[in-house]
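K.L.:
I have a structure I would like to understand better, so I am pasting it below and will then ask my questions one at a time.
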Amino acid sequence: TSHGEKVGVLSSKAEGKEVSEIKTKNLKITPSFQKELTCLQLLDTLSNEKDHGPPNCYIKMDKNNLLGVMAFDNEGGFGLSTNLNSGLCWGAVPSIVNSKTNKITLPHLSKEVAEKILKSTNEEIERIFKDLLTKKQINSLQSRFAVLKSAIANTSKNQKDFLLLNDQWTQNTVSKELSKKFGNTYLVHYCKFLGIIK
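Using our numbering, you'd call the opening residue of the sequence shown number 26 and step up by one each time.
Here it is, written out as structure tokens:
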């Protein structure tokens, strides 16, 4: 390239539409869109990926229905920061962990993804990532896992409807998150960017 030689992995194009290409009016937010953005926000927190704002995701759609997201531009992940307070999208989206209450600030999480996180061990994380990350990166990842595991366990203990199965995400859960009582979550951030809400 004009910036010199680049080494990386070539993958197929992300599924969906670039946000700037979406001209459809009356976009409808589906529960699957909410679930996928919630999972992305959780996984970005784990991987310390700060750059998954709307321009770095393609939107999966069917007519005017927003169905999900496909994130790309992942080279910023797995840094050494263990401080989750800086949030995501370069500070535009606050942390999903309230450090004072040790609770998750999102209204719901995917039960399937949350349970996988809760069952993950330091040994398993090290085994999976030993050929991909440095020892310092692995230690930082393990620290972020520990913070999230504690907050997920604490929130689910006190909020019975916090973890949802795939068929439990509904228009009610979408409305609940869009009420903005939970701050600028990925769902709120993306809907603002798409002009669905102000």
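We put the CB at the ideal spot given by N, CA and C, even for glycine. Predicted, not measured: the structure shown is a model, and the values here were computed from it.
(1) How long is the line joining the alpha carbons of N90 and K160, rounded to whole angstroms?
(2) Determine, using beta-carbon pairs with one atom in the segment 126-146 and one in the segment 81-96, whether at least three such pairs fall under 8 Å.
(3) Closer than 6 Å by C-beta to F154: which residues in its own chain qualify, once you throw out the five before and the five after it? Chain order, please.
(4) When every heavy atom of the ligand MG is checked, does at least one fall within less than 8 Å of the C-beta of G33?
(5) Check whether the Cβ atoms of K190 and V199 sit closer than 9 Å, and answer yes or no.
(6) Answer yes if the segment 40-52 comes into contact with the segment 201-219, meaning at least three C-beta pairs across the two stretches below 8 Å, and no otherwise.
(7) Does the beta-carbon distance from C114 to H214 come in below 9 Å?
(8) How big is the Cα-Cα spacing for Y83 and F187?
(9) By the three-class DSSP mapping on this structure, what secondary structure does D98 have?
(10) The beta strand (DSSP E) that contains I163, what's its start and end?
(11) Could you please give me the residues that DSSP links to S135 through a beta bridge?
(12) Identify, in the order they occur along the chain, each residue of the same chain with its Cβ nearer than 7 Å to the Cβ of E40, setting aside the five sequence neighbours on each side.
(13) Can you give the beta carbon distance from S72 to W194, rounded, assuming they're within the 8 Å contact cut?
(14) Do T210 and L62 have their CB atoms nearer than 9 Å?
(15) What does DSSP give as the partner residue(s) for V118 in the beta ladder?
(16) Would you kindly report the start and end of the unbroken beta strand (DSSP E) that includes I84?
(17) Would you mind stating whether K128 and A176 have Cβ atoms separated by less than 9 Å?
(18) Strictly by DSSP, which residues pair up with I54?
(19) Output needed for K136: all residues of its chain with C-beta closer than 7 Å, excluding positions within five of it in sequence on either side, in chain order.
P.N.:
On the basis of the supplied data:
(1) Each residue's alpha carbon lies about 43 Å from the other.
(2) Counting C-beta pairs closer than 8 Å gives fewer than three between the segment 126-146 and the segment 81-96, which falls short of the contact rule.
(3) Once the five neighbours on either side are set aside, the close Cβ partners of F154 are I163.
(4) In the structure on display, the ligand MG does not appear, and there are no ligands present to speak of.
(5) Reading the sequence as shown, one finds Leu at residue 190 and not Lys. Going by C-beta atoms, L190 is not nearer than 9 Å to V199.
(6) The segment 201-219 is in contact with the segment 40-52.
(7) A contact, by the Cβ cut-off of 9 Å.
(8) The alpha-carbon of Y83 is positioned some 27 Å away from that of F187.
(9) Shown here, D98 sits in coil according to DSSP, grouped into three states, outside any helix or strand.
(10) Premise fails: I163 lies in the alpha helix (DSSP H), 160-183, not in any beta strand (DSSP E).
(11) Paired residue(s): L189.
(12) Excluding its 5 nearest sequence neighbours in each direction, E40 has C-beta neighbours in its own chain below 7 Å: Y83, K85, M95, listed in chain order.
(13) So it is not a contact: roughly 23 Å between Cβ atoms.
(14) Taking the C-beta atoms as reference points, L62 is found nearer than 9 Å to T210.
(15) According to DSSP, V118 bridges with L113.
(16) Bounds of the beta strand (DSSP E) holding I84 are 82-87.
(17) With contacts defined as CB atoms closer than 9 Å, K128 and A176 qualify as a contacting pair.
(18) In the DSSP assignment, I54 forms a beta bridge with L91.
(19) Answer for K136: L188, L189, L190, listed in chain order.
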